[in-house]
Amino acid sequence: PPRPGERVNEEGVVVNPTTASGGGVTEDRVRELISEELQNYQLRQGESGGGGAQMTEWFLPMIHFGTDSDRIKYADYGTLASIARMMKGNAQLRIVVTGFADASAPESYNDELSYLRAKAVVEHLVNNHGIGRGRFVIEWKGEAELLVPSGNSYMNRRVEFRVAQPGDVEMDPPTGIKKEGEDGGF
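Residue numbers for the sequence shown follow the working numbering, so the first one is 602 and each next one is one higher.
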C-alpha cells in the first residue's frame with residue numbers, strides 16, 4: 602500500500618516523485634522495505650525442534666579453483682568476505698564447506714584435492730575474518746558430483762557452501778591426508 606506522500610498510477614503502482622525535493626526512494630525507505638521482507642520470510646527451524654527460527658535455505662555462492670590447485674583466487678576474496686559478514690551477523694550459523702574436483706586425475710588424488718580446497722577456504726575464513734573454526738563442517742566429494750560432464754571443466758573444480766543442519770558432521774580427511782596433530786614423519 603502507498604505510504605503518506607506517495608502516489609499510485611492507473612496500474613496501481615506506487616510512483617515516487619523524481620524532483621530534487623522528493624528525491625525518489627530514500628535509503629531509510631529501502632531499509633524499511635528490506636526489513637519488512639525479511640520479517641515476511643519465514644525462516645523455519647530444521648529438525649532440531651527448538652522454538653526459535655533458523656536459517657536453512659539460503660543461497661550461498663561457490664568459488665572455483667585452477668587445475669591441480671587448492672589456492673584461493675584473489676577474485677574470490679570478496680565472495681568469502683561476504684560469507685564472513687553473513688556469519689558474523691548470525692552468530693549461531695554453521696556452514697558446511699564442500700570441496701569438489703574435476704575428473705582429470707586419479708580418483709584418490711581428486712579426493713585429496715577436494716578436501717584441501719575445502720580446508721583452504723575454512724582456513725581463509727578463520728585466519729582472515731576471525732570466524733571460529735567450530736562453525737564450519739568440512740566435506741569433500743572428489744569427482745563424485747560433476748556439474749559439467751566433460752570432466753575437466755573449471756565448474757567442477759569448486760567449493761560449495763550450505764547452511765549446516767543439526768546432523769551434519771565433519772568428514773575425516775581422505776586416506777592420503779594426515780589429520781591435524783599427526784606426525785608427518787619428518
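Ideal Cβ placement from N, Cα and C applies to all residues, glycine included.
This structure is a prediction, so every number in the text was calculated from the model and none was measured.
The stretch 704-719 / the stretch 733-747 touching (three or more Cβ pairs under 8 Å): yes
Beta-carbon spacing of I664, V615 below 9 Å: no
Environment of E761 [buried if 16+ CB atoms lie within 10 Å]: buried
Continuous beta strand (DSSP E) assignments of at least 3 residues falling wholly in the stretch 718-774: 737-741 and 759-764
For R604 and D677, the rounded distance between their alpha carbons: Roughly 41 Å between the two C-alpha positions.
Which listed residue (E724, S709, D773 and M688) has its alpha carbon closest to that of V764: M688
Outcome for L681 when other beta-carbon atoms lying within 10 angstroms are tallied against a minimum of 16: buried
Helix, strand or coil at G690 according to DSSP, with G and I counted as helix: helix
Cβ-Cβ distance between K720 and D671 below 9 Å: yes
Spatially closest choice to G777 from S683, T699 and P707, by CA coordinates: P707
DSSP state of V609 mapped onto helix, strand, coil: strand
G700, buried or exposed, once every other Cβ within 10 Å from all chains shown has been counted against 16: buried
C-alpha distance - P750 paired with V698, whole-angstrom precision: 22 Å
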